[in-house]
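*Asks:* Quick one: this structure, given as structure tokens, is what I'll be asking you about.
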Amino acid sequence: MWDAPDDALVAGLGAGDADAAVALVRRFQRRIYGLALTIVGDPVTAEDVAQETFARAWRHAAAYDARRASVATWLLTIARNLSIDAVRLRRPEPLNPEALAALSLADRAQDPADQAVRESERSRVQGALARLPAEQRRALVLAAIGGRTAKEICETEGVPLGTAKTRIRAAMIKLRVDLESQGQEETDR
Amino acid sequence: MTPGCSEIEELAPELALGLLAGGERAGALGHLASCPACRTTVEELVRVAEALLLLGPEAEPPVGFEARVLDRLEREGRPPQPARPRWRRALVPAAAAAAVAAALVTGLVVGRSTERDPRFERQYIAALRTLGGTSLRAARLHDPGGRDVGEVFVYRGHPSWVFMDLSDPAAPSGGYRLELQGRDGAPVASDGFAMRNGSGYLGWPARAEMDRVGSVVVRDAQGVGRYNAQLPGLS
Ligand SMILES: [Zn+2]
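Protein sequence lines correspond, in order, to chains A and B. Under the numbering used here, the letters of the first sequence match residues 1 to 189, in that order. Under the numbering used here, the letters of the second sequence match residues 1 to 235, in that order.
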């Protein structure tokens, strides 16, 4: 169970298997809670969001489709949307944008489970992010990982709304092209 | 107001990042229903957004987190099997092929829209692609105070159908009706559903000219309009 692949744990979850639930929670809790805390900015709400994320995964496990997204992506997307909803209801202390923008490039504690695969995928994205112009990277990280809308970014960064939107869009398009060409190189090899 | 391609181009990054609020999101999804080019754009951006989530920071949850989560899962009980919409019973064999497509869409939206399952956008896009871009319009349901209480989908096909998912803890239980209205506000067709413990849903193979439908009203047992949704126009 402890070294079962991610999708096998989700399948177990869908069948109501408690051991699979334990393994899944242990494997992903630090990432889920970390993302929630980044977006909502307070530990109590972050825990609510993280708990709800696992509850949703439990309820919808049967509908999980491995062809569409990895388990990590699936769970993190649930956590992101719940966090954004929670923030809309009650905007807490504004998170320090400097700290947030620095996050994406910082080292992180390692979880041995599926480290090799994760690291290669992560480093690809991280590399692509590092190649963006600094102001675009910053806007994109604030939006994609910090859950900030373009309007919020324009306010905290002191730039016009149109500029914030353009930066996010330009960064996403460049990243898409970059990630696609990397994927292409891998298949060519 | 229905957004066009240029508005969607503007909204696409925030849609893909999960940042759009109810109304804008429903409008954008309505446009995607009929525009393959914008669907492709959004789909690509969704993949970028997902890749970026992998860079999210890790943090140690508070002490006892794991036990509290597992406790909660235990209280929820065994995960439910996917709901069977009652309209499936009403289908005749002649409609079988189209029914498969419609069932796909319904299966993808049942029980998800009010919970805002994050995979919804992707599944919706995938479903529309399978359907070949047939008209499927989505809109948020609001109470008179503008509060978001759910979502309604109007699909034009063979058969056409309506799907609604509503959640309002303040709503009394009982029999309700969903009424389709033309763009002039005149009733086009209606069907009943039950509200229980603040939630109700309806899957209905409606015999109506869906393209004429401009809005949806939900009426309580006394016939009073309690919620409504404005559908995006067809492009
Ligand atoms: Zn378009």
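Using N, Cα and C, we set each Cβ at its ideal position, and we do this for glycine too. If you're wondering where the values come from, they're calculated on a predicted model, not measured in any experiment.
Taking any heavy atom of ligand 1 as the mark, which residues have a C-beta closer than 7 Å to it, listed down the chain?
*Replies:* Those residues are B:G4, B:C5, B:I8, B:H31, B:C35, B:A37, B:C38, given in chain order.
*Asks:* Identify, in the order they occur along the chain, each residue of the same chain with its Cβ nearer than 7 Å to the Cβ of B:L17, setting aside the five sequence neighbours on each side.
*Replies:* Only A49 meet the Cβ criterion.
*Asks:* Take the Cβ of B:R39 as the centre, count every other Cβ of all protein chains shown within 10 Å, and call the residue buried at 16 or more, exposed below.
*Replies:* B:R39 is buried by the Cβ-count criterion.
*Asks:* My output table needs one value for B:Q181: the three-state DSSP class, helix, strand or coil.
*Replies:* It is a strand residue.
*Asks:* For B:W161, which residues does DSSP report across the bridge?
*Replies:* In DSSP, B:W161 forms a bridge with B:Y155.
*Asks:* On a CA-only basis, which of A:V159, A:E121, A:G41 is nearest A:S83? Give me that one, please.
*Replies:* It is A:G41.
*Asks:* Taking the beta strand (DSSP E) that B:P187 belongs to, which residues open and close that run?
*Replies:* First-last of the beta strand (DSSP E) with B:P187: 187-195.
*Asks:* Provide the residue span of the alpha helix (DSSP H) that contains A:Q51, from first to last.
*Replies:* 43-60 is the span of the alpha helix (DSSP H), which, as asked, contains A:Q51.
*Asks:* For the segment 38-50 of chain B, which residues have a beta carbon sitting closer than 8 Å to at least one beta carbon of chain A?
*Replies:* Of all residues in the segment 38-50 of chain B, E44, L45, R47, V48, A49, E50 have a Cβ within less than 8 Å of some Cβ in chain A.
*Asks:* How about A:A109: is its C-beta nearer than 8 Å to some C-beta of chain B?
*Replies:* Any reading at A:A109 needs caution, since the residue's pLDDT is 41, under 50, leaving its predicted position unreliable; the model's value is listed next. Chain B contact via Cβ: present.
*Asks:* Quick one: using the 10 Å Cβ neighbour count with 16 as the cut-off for buried, is A:Q51 buried or exposed?
*Replies:* By the neighbour-count rule (16 or more Cβ atoms within 10 Å), A:Q51 is buried.
*Asks:* Which residue from A:A36, A:P43, A:Q182, A:A55 puts its Cα closest to that of A:S120?
*Replies:* The residue with the shortest Cα to Cα distance from A:S120 is A:Q182.
*Asks:* Report, in whole angstroms, the separation of the C-beta atoms of A:L129 and A:L175, which I expect to be a contact under 8 Å.
*Replies:* Rounded, the Cβ-Cβ distance is 7 Å, consistent with contact.
*Asks:* So which residues on chain B does A:V222 lean against when the C-beta distance must stay under 7 Å?
*Replies:* Nothing can be reported for residue 222 of chain A: it is not among the residues displayed for chain A, which extend from 1 to 189.
*Asks:* Decide if B:S160 is buried, meaning its Cβ has at least 16 other Cβ atoms within 10 Å, or exposed.
*Replies:* Buried is the call here.
*Asks:* Tell me the rounded alpha-carbon separation between B:T174 and B:A221.
*Replies:* Here residue 174 of chain B turns out to be Gly, not Thr, going by the sequence shown. Each residue's alpha carbon lies about 7 Å from the other.
*Asks:* Using only the alpha-carbon positions, how far apart do A:L140 and A:R169 sit?
*Replies:* Computed Cα separation, rounded: 8 Å.
*Asks:* Could one say the Cβ of B:V59 lies closer than 8 Å to chain A's Cβ atoms, at least one of them?
*Replies:* In the sequence as presented, Val is not what sits at residue 59 of chain B; that position holds Ala. Chain A contact via Cβ: present.
*Asks:* Under 8 Å Cβ-Cβ, which residues of chain B neighbour A:W2?
*Replies:* Near A:W2 there are no residues of chain B at all, since even the closest Cβ is about 14 Å away, more than 8 Å.
*Asks:* Between A:T45 and chain B, is any beta-carbon pair separated by less than 8 Å?
*Replies:* Not an interface residue.
*Asks:* Measure the Cβ-Cβ separation of B:A194 and B:G200 and say whether it is below 8 Å.
*Replies:* Yes, they are a contact pair.
*Asks:* Of all the residues that make up the segment 135-149 of chain B, which are near chain A by a beta-carbon distance shorter than 7 Å?
*Replies:* Listed by position, the residues of the segment 135-149 of chain B near chain A (Cβ gap below 7 Å) amount to none.
*Asks:* Tell me whether A:P5 is buried or exposed, calling it buried when 16 or more other Cβ atoms sit within 10 Å of its Cβ.
*Replies:* A:P5 is exposed by the Cβ-count criterion.
*Asks:* Can the beta-carbon of A:V49 be found less than 8 Å from the beta-carbon of A:A86?
*Replies:* Their beta carbons are under 8 Å apart, which means A:V49 touches A:A86 by this criterion.
*Asks:* Out of B:R219, B:R207, B:A208, B:G182, state which residue places its alpha-carbon closest to the alpha-carbon of B:L231.
*Replies:* Among B:R219, B:R207, B:A208, B:G182, the Cα nearest to that of B:L231 is on B:G182.
*Asks:* Nearest CA to the CA of B:D168: which residue from B:D143, B:E24, B:E10?
*Replies:* The candidate whose alpha carbon is nearest that of B:D168 is B:D143.
*Asks:* Quick check: what's the CA-CA separation for B:V29 versus A:W2?
*Replies:* Note that residue 29 of chain B corresponds to Leu in the displayed sequence, not to Val. Spanning the two alpha carbons is a distance of roughly 40 Å.
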